[in-house]
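A.B. asks: For what it's worth, my numbering labels the leading residue of the sequence shown as 501, then goes sequentially. Beta carbons are placed, not taken as given, at the ideal position from N, Cα and C, and that holds for glycine.
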Amino acid sequence: MNSRPSLTVCASLVEKTTNQAALCRTCEVLGVTRLVLPRPNDAWAFRKVAASAQQWQGIEYCPPEQLRPWLSQQVGYTRVALTVHGLSQSLEDYGFAAKTLLILGRELTGIPADIAALCDVALKIPQYGRVESLNVQTAAAIAIYEYNRQWR
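(1) Over what stretch of residues does the alpha helix (DSSP H) that includes VAL636 continue unbroken?
(2) Distance check for ALA598 and MET501, CA to CA, integer angstroms please.
(3) Rounded to whole angstroms, how far is the Cβ of VAL549 from the Cβ of ALA511, which I believe are closer than 8 Å?
(4) With DSSP as the reference, label MET501 as helix, strand or coil.
(5) Tell whether a beta-carbon distance below 8 Å holds between LEU601 and LEU623.
(6) Express the C-alpha separation of GLY605 and LEU582 in angstroms, rounding to a whole number.
(7) Any heavy atom of the ligand MN within a distance shorter than 7 Å of the CB on GLY610?
(8) Tell me where the alpha helix (DSSP H) around THR518 begins and ends.
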């Protein structure tokens, strides 16, 4: 391997406290380097769902309105949009770069077009049922697992 694995999960667009907390817990358990949330959250619901993972998980903050400039500052990372829309490549066929920035969308509307345009690749998780999407935390967990499978 030419580079040390470093996965950042950007959840700046994720709005629900319980999803942010579940992402924090998932990221800590799966060894994600950085989790980016829209703002600090000390709500009881966050603490309960995160189950103390926030004490060990590297967390940064970037409000949604600052996401474009923040993304441009992430030099050396491959920016990967996790989406069900557009011309997305299957997660099964993708080889993650060692330094990956995984961008998650809003719960209902996904990743805005202007943010998706800044990404190097868009990935989708193959789905075989009738429901057209997964919960953002569940989708992130699948993508993080695949990154770890390739790099750990």
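C.D. replies: Per the coordinate set shown:
(1) The residue given as residue 636 occupies position 136 in the sequence shown. DSSP places VAL636 inside the alpha helix (DSSP H), whose first and last residues are 636 to 651.
(2) Mapped onto the sequence shown, residue 501 falls at position 1. Mapped onto the sequence shown, residue 598 falls at position 98. Bear in mind that a pLDDT of 43 at MET501, under 50, signals an unreliable position, so the number given afterwards is only what the model happens to contain. One Cα belongs to MET501, the other to ALA598, and the distance between them is close to 8 Å.
(3) Reading the sequence shown from its first residue, position 49 is the one you call residue 549. Reading the sequence shown from its first residue, position 11 is the one you call residue 511. For VAL549 against ALA511, the beta-carbon gap comes to about 14 Å, at or over 8 Å, which does not count as contact.
(4) Along the sequence shown, read from residue 1 onward, the residue named residue 501 stands at position 1. Because the pLDDT of MET501 is 43, which lies under 50, any placement of that residue in the model is unreliable, and the question is left without a value.
(5) On the sequence shown, residue 601 is found 101 positions in, with the first residue counted as 1. On the sequence shown, residue 623 is found 123 positions in, with the first residue counted as 1. With contacts defined by Cβ atoms closer than 8 Å, LEU601 and LEU623 do not form a contacting pair.
(6) In the sequence shown, counting from the first residue as 1, residue 582 sits at position 82. In the sequence shown, counting from the first residue as 1, residue 605 sits at position 105. Take the alpha-carbon of LEU582 and the one of GLY605: they are about 7 Å apart.
(7) Looking at this structure, you won't find the ligand MN or any other ligand, since it has none at all.
(8) Residue mapping note: residue 518 aligns to position 18 of the sequence shown, counting from 1. For THR518, the enclosing alpha helix (DSSP H) stretches over residues 517 to 529.
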